[in-house]
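2 protein chains.
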Amino acid sequence: MDKNELRNKLISIATRLFAERGLNGVSIRELSKAAGVSISMISYYFGGKEGLYSSVLQEQFSSFGHIEEITTTDAEALVKIESYIRWIIVRYRNNPYLLRYYTSELTNPTQFFSLIVQPAIGKVIQVLVQIIEEGISNNIFRKDLNPVDTVLAMAGMVNYYILSTLATQELINHSPERDEELIRHYMDIFTKGILR
Amino acid sequence: MDKNELRNKLISIATRLFAERGLNGVSIRELSKAAGVSISMISYYFGGKEGLYSSVLQEQFSSFGHIEEITTTDAEALVKIESYIRWIIVRYRNNPYLLRYYTSELTNPTQFFSLIVQPAIGKVIQVLVQIIEEGISNNIFRKDLNPVDTVLAMAGMVNYYILSTLATQELINHSPERDEELIRHYMDIFTKGILR
Numbered sequence: 034m035d036k037n038e039l040r041n042k043l044i045s046i047a048t049r050l051f052a053e054r055g056l057n058g059v060s061i062r063e064l065s066k067a068a069g070v071s072i073s074m075i076s077y078y079f080g081g082k083e084g085l086y087s088s089v090l091q092e093q094f095s096s097f098g099h100i101e102e103i104t105t106t107d108a109e110a111l112v113k114i115e116s117y118i119r120w121i122i123v124r125y126r127n128n129p130y131l132l133r134y135y136t137s138e139l140t141n142p143t144q145f146f147s148l149i150v151q152p153a154i155g156k157v158i159q160v161l162v163q164i165i166e167e168g169i170s171n172n173i174f175r176k177d178l179n180p181v182d183t184v185l186a187m188a189g190m191v192n193y194y195i196l197s198t199l200a201t202q203e204l205i206n207h208s209p210e211r212d213e214e215l216i217r218h219y220m221d222i223f224t225k226g227i228l229r
Numbered sequence: 034m035d036k037n038e039l040r041n042k043l044i045s046i047a048t049r050l051f052a053e054r055g056l057n058g059v060s061i062r063e064l065s066k067a068a069g070v071s072i073s074m075i076s077y078y079f080g081g082k083e084g085l086y087s088s089v090l091q092e093q094f095s096s097f098g099h100i101e102e103i104t105t106t107d108a109e110a111l112v113k114i115e116s117y118i119r120w121i122i123v124r125y126r127n128n129p130y131l132l133r134y135y136t137s138e139l140t141n142p143t144q145f146f147s148l149i150v151q152p153a154i155g156k157v158i159q160v161l162v163q164i165i166e167e168g169i170s171n172n173i174f175r176k177d178l179n180p181v182d183t184v185l186a187m188a189g190m191v192n193y194y195i196l197s198t199l200a201t202q203e204l205i206n207h208s209p210e211r212d213e214e215l216i217r218h219y220m221d222i223f224t225k226g227i228l229r
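As given, the protein sequences belong to chains U and B, one line each in that order.
Residue numbering for the first sequence follows the working numbering, starting at 34 and increasing by one per position.
Residue numbering for the second sequence follows the working numbering, starting at 34 and increasing by one per position.
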């Protein structure tokens with residue numbers, strides 16, 4: 034294995050182990066065993082278990098840095114909101130452990146929360162708040178909306194839909210084939226509400 | 034300590050430890066040490082570590098069994114929805130570890146998920162779906178709503194608002210004093226949408 038292969042293998046195995054048992058539930062010995070890599074190699078490449086966890090987190094949240102892609106177009110606010118919903122669904126579909134790290138760091142933060150997770154989530158929310166504010170000043174959205182509450186409502190709809198999968202798979206089809214229908218429903222509820 | 038005190042003390046200490054480190058991250062020896070109670074006492078009262086974890090989960094999700102309270106009144110669907118939002122906020126305010134167990138079991142389920150967590154969440158969603166269906170047939174809500182998607186959107190707004198606290202406390206005031214304003218905003222967005 035060359036340097037890169039070794040690094041990627043360690044990150045991939047650590048991603049699963051930390052997701053299942055948390056930063057404190059996994060020892061460097063277990064990581065070394067599971068990856069077939071010596072402890073000194075882990076120390077050399079990542080500076081130890083904490084450094085490896087931090088690299089895992091960084092990789093998990095790296096897609097958050099690309100949120101600005103949805104705002105680079107000249108599109109109006111509603112189109113950007115739909116891009117966001119699509120982006121968040123793809124993000125989870127491509128990354129089965131992300132929601133685990135996301136919720137775990139928010140409900141039981143490690144020392145890396147404020148360095149990696151908070152800035153990643155904060156950036157997304159900031160971009161979304163701008164979209165809502167833009168829509169308000171362009172007279173598309175209601176003037177009485179609180180932009181932050183509005184963004185958290187929108188982010189909540191989509192994040193929770195994915196989060197609830199295990200508990201609701203008998204009630205509704207969570208497969209990717211239904212994503213377009215879901216996006217349409219959620220755009221509809223979020224923009225027009227539920228009243229007749 | 035009498036029997037009840039001992040049981041409550043063990044559950045309270047286990048609730049914190051399991052929340053911080055998960056079912057597999059805590060040993061029965063640590064539980065016994067932290068509570069000042071012998072290992073055999075834990076086995077006697079709970080049948081071991083797994084039994085204690087199961088009792089903690091049962092207590093955490095016990096409030097979900099009372100969801101029907103919001104539907105016992107003759108109130109119309111919108112009033113019931115507001116009661117639900119209020120109920121869910123109070124539920125978290127009274128129970129600082131609930132969201133940790135909730136998200137942990139959904140993203141990394143233990144053997145107790147299908148026995149305790151799934152039925153608890155399932156019941157709440159079922160009650161909410163009925164409220165939406167009732168509102169549709171009473172001509173209050175739009176006929177084209179998918180009831181399950183609609184319920185997950187509503188539950189998501191409120192659950193995520195609480196979940197995001199650590200990442201958004203510099204953006205918005207998460208204190209209970211703002212709860213009434215938040216409930217008003219979320220009822221507004223959910224029922225009327227965001228369009229001008």
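Heads up, the beta-carbon is just placed ideally off N, CA and C, and yes, glycines get one too.
Best match in the options for proximity to residue i [C-alpha to C-alpha]
{"i": "Q93(B)", "options": "S170(B), G155(B), I149(B), M190(B)", "result": "I149(B)"}
{"i": "E38(U)", "options": "L50(U), M187(U), Y78(U)", "result": "Y78(U)"}
{"i": "E210(B)", "options": "D177(B), I103(B), V123(B)", "result": "V123(B)"}
{"i": "V184(U)", "options": "K36(U), Y194(U), I158(U)", "result": "I158(U)"}
{"i": "S96(B)", "options": "R126(B), A108(B), E83(B), D35(B)", "result": "R126(B)"}
{"i": "Q202(B)", "options": "M34(U), T104(U), P152(U), I44(U)", "result": "P152(U)"}
{"i": "L85(U)", "options": "L204(U), A186(U), V59(U), H99(U)", "result": "V59(U)"}
{"i": "P129(U)", "options": "L178(U), G226(U), T198(U)", "result": "T198(U)"}
{"i": "T105(U)", "options": "Q163(U), N172(U), M34(U), A188(U)", "result": "Q163(U)"}
{"i": "E83(B)", "options": "D212(B), N206(B), N57(B)", "result": "N57(B)"}
{"i": "R40(B)", "options": "Y193(B), S65(B), K156(B)", "result": "S65(B)"}
{"i": "K156(B)", "options": "K42(U), K156(U), L204(U), N171(U)", "result": "L204(U)"}
Same chain, Cβ closer than 6 Å to residue i, neighbours up to 5 away in sequence not counted
{"i": "E167(B)", "result": "A110"}
{"i": "F145(B)", "result": "S87, L90"}
{"i": "L50(B)", "result": "V59"}
{"i": "Y134(B)", "result": "Q93"}
{"i": "E138(U)", "result": "F146, V150"}
Contact list for residue i against chain U, beta-carbon separation under 8 Å
{"i": "H99(B)", "result": "Within chain U, no residue comes near H99(B); the closest Cβ sits about 18 Å away, beyond 8 Å."}
{"i": "N41(B)", "result": "What N41(B) touches in chain U: nothing, since even the nearest Cβ is about 23 Å away."}
Close beta carbons around residue i, own chain, < 8 Å, minus the five adjacent residues each side
{"i": "R175(U)", "result": "I169"}
{"i": "L196(B)", "result": "L132, T136"}
{"i": "I216(B)", "result": "E115, I118, R119, I122"}
{"i": "I222(U)", "result": "M190"}
{"i": "I165(B)", "result": "A110, F174, L178, P180, T183, V184"}
Residues near residue i by beta carbon distance below 7 Å, same chain, minus five either side
{"i": "E101(B)", "result": "V160"}
{"i": "H207(U)", "result": "T198"}
{"i": "I103(U)", "result": "K113, S116, Y117, W120"}
{"i": "I44(U)", "result": "S88, V89, E92"}
Neighbour list for residue i in chain U, Cβ cutoff strictly below 7 Å
{"i": "A52(B)", "result": "N141"}
{"i": "Q151(B)", "result": "A200"}
{"i": "L178(B)", "result": "I227"}
{"i": "N1(B)", "result": "The requested residue 1(B) is not part of the displayed model; chain B covers only 34 to 229."}
Beta-carbon gap between residue i and residue j smaller than 8 Å
{"i": "V191(B)", "j": "I114(B)", "result": "no"}
{"i": "I154(U)", "j": "A52(B)", "result": "no"}
{"i": "I61(B)", "j": "I46(B)", "result": "no"}
{"i": "I75(B)", "j": "G69(B)", "result": "no"}
{"i": "R54(B)", "j": "G55(U)", "result": "yes"}
{"i": "Y193(U)", "j": "Y193(B)", "result": "yes"}
Neighbouring residues, chain U, relative to residue i (Cβ below 9 Å)
{"i": "T136(B)", "result": "L132, R133, Y135, T136, S137, L139, T140, L196"}
{"i": "N172(B)", "result": "R229"}
Supposed close pair residue i, residue j - CB separation, criterion 8 Å
{"i": "T136(U)", "j": "T140(B)", "result": "6 Å"}
{"i": "L298(B)", "j": "T48(U)", "result": "The structure shown has nothing for residue 298(B), since chain B only spans 34 to 229."}
{"i": "A108(U)", "j": "Y219(B)", "result": "Contact doesn't hold; Cβ gap of about 27 Å is too wide."}
Partner residues on chain B for residue i, Cβ-Cβ distance less than 8 Å
{"i": "D182(U)", "result": "Y194, I205, L215, H218, Y219, I222"}
{"i": "G58(U)", "result": "R54, G55, N57, G58"}
Listed by chain order, chain B residues near residue i by CB distance under 7 Å
{"i": "M190(U)", "result": "A186, G189, M190"}
{"i": "G69(U)", "result": "Those do not exist, as G69(U) stays about 22 Å from chain B at its closest Cβ, beyond 7 Å."}
{"i": "G84(U)", "result": "Correct list: empty, because the minimum Cβ distance to chain B is about 20 Å."}
Chain-ordered chain B contacts of residue i [CB-CB under 9 Å]
{"i": "I225(U)", "result": "Correcting the residue type first, residue 225(U) is Lys in the shown sequence and not Ile. Those are R175, K225, G226, I227, L228, listed as they occur along chain B."}
{"i": "N127(U)", "result": "Under the 9 Å cutoff, chain B gives no residues; its nearest Cβ is about 16 Å from N127(U)."}
Check: residue i C-beta below 7 Å from any heavy atom of the ligand MN
{"i": "S197(B)", "result": "The ligand MN is not part of this structure, which contains no ligands at all."}
Review point. For the region 155-171 of chain B, which residues have a beta carbon sitting closer than 9 Å to at least one beta carbon of chain C?
Key: The chain labelled as chain C is not found among the protein chains of the depicted structure, namely U and B.
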